[in-house]
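Numbering (the numbering used here), first residue to last: 4 to 210.
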């Protein structure tokens, strides 16, 4: 069931709404589009958002829905923006979902910039393609090497490593233990961590 169509025109950088039924609205900002609708207007909020460039072919907007009371919001990056949007009733209740920091950045760039350059995003950091994790907005490599006897191919994650120390989790999910396995950023040196625990016996947990 077609709930309504909203078309966009770009005139001198301004977004012009041509039609909207029901409460579908679009706001533009430098990061992209903020598309919102009122779930109460649709009865039970069982709607998905679709986009089109020609009013003939419609595709589901592949972005998470942010739910605040009856207000449903989707943030679309500029490079993915389309000319037209509509709501379609799919018979499935929309549920709140994790949208990630990049979505938050679209409306809260200042807060995002503070957060990305703090230690908070870096509790646990994946090792990708055998390369050490990078930190902060300038993509600094804080932990340049693995403990002696280990390579980046042997390590799945680095615990911390942003401001104070870095520890390592092997490919089986165990924290690397031993005499010189924790890297301290202040001294750029190695110290012991749980040296009495044999390697491969200390699982990582959030406790």
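Note that beta-carbon positions come from the ideal geometry of N, C-alpha and C, so glycine has one too.
All of these numbers come straight from a predicted model, not from anything done at the bench.
Annotation: residue 43 to residue 60 spans about 28 Å, alpha carbon to alpha carbon. Rounded to whole angstroms, residue 29 and residue 89 show a C-alpha spacing of 11 Å. For the pair residue 145 and residue 165, the CB atoms are nearer than the 8 Å cut-off. If you draw a straight line from the Cα of residue 123 to the Cα of residue 41, it is about 34 Å long. Two segments are said to touch when three or more pairs of C-beta atoms, one from each, lie closer than 8 Å; by this definition the region 167 to 183 touches the region 200 to 207. Residue nearest to residue 192 within the set 176, 170, 199, 208 is 170 (criterion: CA-CA distance). Of the other Cβ atoms in all chains shown, 16 or more fall within 10 Å of the Cβ of residue 136; this residue is therefore buried. At the C-beta level, residue 109 and residue 58 stay beyond 8 Å of one another. With a cutoff of 8 Å on beta-carbon distance, residue 75 and residue 68 are scored as near each other.
Contact between residue 156 and residue 168 is ruled out by a C-beta separation of about 22 Å, above the 8 Å threshold. Secondary structure at residue 195: strand, using DSSP grouped into helix, strand and coil. With respect to residue 127, residue 160 sits close: the two C-beta atoms are nearer than 8 Å. Annotation for residue 62: 53, 54 place their beta carbon closer than 7 Å to its own, counting only its chain and skipping 5 residues before and after.
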